[in-house]
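Residue numbers (mature numbering (1 follows the signal peptide of the UniProt record, and there is no 0)): -19 to -1, 1 to 396.
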């Protein structure tokens, strides 16, 4: 940490006229009670209680020609390191330079967050204490109502003399094209194209590319708003099977006084159980399932969490602002499979089909902004599963599955 403060001090001493330097921090503690979080609670399971912590320093520097951000962080669970242990835990969350060149153009180089539209493809993953960032190049062009982004990332585990091996559960190459038009009439529309390449194994140079192309639009008129997403995936999966999958989402909300009410639905295509020639399961790429598919996080990896059957989610929410500082939101979800999947016995033999209905989830979240730099948040979620979800998760004797958390976030500005 001394090196971090030394870096900040040097920046402060060397800033020039017309340059701006700011130093902020974030300390976020979250206590969790897990009794059915991420997986249904078994009858004999004991609830888990823990506290996690994220500590970030955020240094921003800006002048006429460039912007710079340096954001190291420490993420830990209370008690995960023995007192006196010298094991370092500091890592880099963001570290980039944003260079102005030509007219209306900028180039961002380094570790950065890619957070686009309503986060169905790329998100900051903020629920995860570590967050999600990418080592990448990003070209940005802005002119009037138009924004254009072109990005590329290439990952290597280390510098070697030969081969380009990489972990096959993460992307080796990620390429982004994003074009948005934001009109004065409250209508915004964007086109996104992603090419995500993964190696066929941990010791292979062969890269399989899955492409995603689609549209997102949102309209806001007074107290009414609506959105829609449509994405199609094609290319190859890791096993070199042709991909043909899609995601559809739509929703609308209306505000009456301090109450906002919304209804929406999301559909991710799934594999047909007798079709082995096509991969029809939509890959959620690098978005966060938390929030988009409920707070209890049963649907994070669709290949395993739905056995490749895809997912349908219809949800209704009520968001009430009690006052300027306090807000409470309740969201109810009903989940189904997009496709029926096979049911297996303990020996792995197919004995039937699992129907589509998965169950009901309810999430309630309270937020309280008690000061300029301090916020409190608490949430409670429960899930009422069908036997179909129990079969998918391989749990027969279940009890009431629920999850509770409290979170304190402080973001004081130092300089």
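Every residue gets a Cβ at the ideal spot worked out from N, C-alpha and C, and that includes glycine.
As the crow flies, the alpha-carbon of residue 235 is around 22 Å from that of residue 342. Runs of alpha helix (DSSP H) with 4 or more residues, each lying fully within the segment 233 to 287, are found at 283 to 286, listed in chain order.
Residue 1: member of the beta strand (DSSP E) spanning 1 to 16, first to last residue. The C-beta distance from residue 81 to residue 47 rounds to 6 Å, short enough to fall under 8 Å. When the five nearest sequence neighbours on each side are left out, the beta carbons in the same chain lying within less than 6 Å of the beta carbon of residue 170 are those of 162 and 198, in order along the chain. Contact between residue 212 and residue 103 does not hold, since their C-beta atoms are separated by about 12 Å, which reaches or exceeds 8 Å.
In the three-state reduction of the DSSP assignment, residue 295 falls in the strand class, which pools E and B.
Between residue 360 and residue 345, the beta carbon gap of about 7 Å places them in contact (Cβ cut-off 8 Å).
Within the same chain, and ignoring the five residues on either side of residue 52 in sequence, the residues whose Cβ sits closer than 8 Å to its Cβ are 37, 38, 39, 40, 73, 74, 75 and 76.
When C-beta atoms of the segment 127 to 135 are compared with those of the segment 290 to 310, fewer than three pairs fall below 8 Å, so the two segments do not count as touching. Rounded to the nearest whole angstrom, the CA to CA distance from residue 347 to residue 243 is 17 Å. By alpha-carbon distance to residue 221, the top candidate from 257, 127 and 116 is 257.
Taking a C-beta distance under 8 Å as the contact criterion, residue 23 and residue 392 do not qualify as a contact pair. Residue range 368 to 374 is occupied by the alpha helix (DSSP H) that includes residue 372.
When the five nearest sequence neighbours on each side are left out, the beta carbons in the same chain lying within less than 6 Å of the beta carbon of residue 217 are those of 189, in order along the chain. Assignment of residue 57 by DSSP, reduced to helix, strand and coil, places it in the strand class. Excluding sequence positions up to five before and after residue 335, its CB lies within less than 6 Å of the CB of 322, 324, 369 and 372, all in the same chain and listed in chain order. Between the segment 272 to 282 and the segment 13 to 22, the count of Cβ pairs shorter than 8 Å is three or higher; the stretches touch. Using a Cβ distance threshold of 8 Å, residue 263 and residue 214 count as a contacting pair. In this structure, residue 138 lies away from residue 152, with their beta-carbon atoms at least 8 Å apart.
Rounded to the nearest whole angstrom, the C-alpha separation of residue 230 and residue 353 is 35 Å.
It is roughly 39 Å from the alpha-carbon of residue 356 to the alpha-carbon of residue 251. Under the three-state reduction of DSSP, residue 41 is assigned to strand.
In the assembly as shown, residue 30 is an exposed residue. Its beta-carbon has fewer than 16 other beta-carbons within 10 Å. Measuring C-alpha to C-alpha distances from residue 273 to each of 285, 292, 255 and 327 identifies 292 as the nearest.
Note that the C-beta distance between residue 245 and residue 100 is not below 8 Å. Using a Cβ distance threshold of 8 Å, residue 149 and residue 181 count as a contacting pair.
DSSP links residue 87 through a beta bridge to 81 and 121. In this structure, DSSP gives residue 321 a state outside helix and strand, which the three-state scheme calls coil. Here residue 394 carries a strand assignment [DSSP, helix/strand/coil].
In this structure, residue 386 and residue 27 do not form a Cβ contact; the two beta carbons are roughly 18 Å apart against a cut-off of 8 Å. Here the alpha carbons of residue 302 and residue 225 stand approximately 42 Å from one another. Taking C-beta atoms as the reference points, residue 366 and residue 340 count as a pair closer than 8 Å.
The C-beta distance from residue 92 to residue 56 rounds to 15 Å, too long to meet the 8 Å contact threshold. The C-beta of residue 337 has 16 or more other C-beta atoms within 10 Å across all chains shown, which makes the residue buried.
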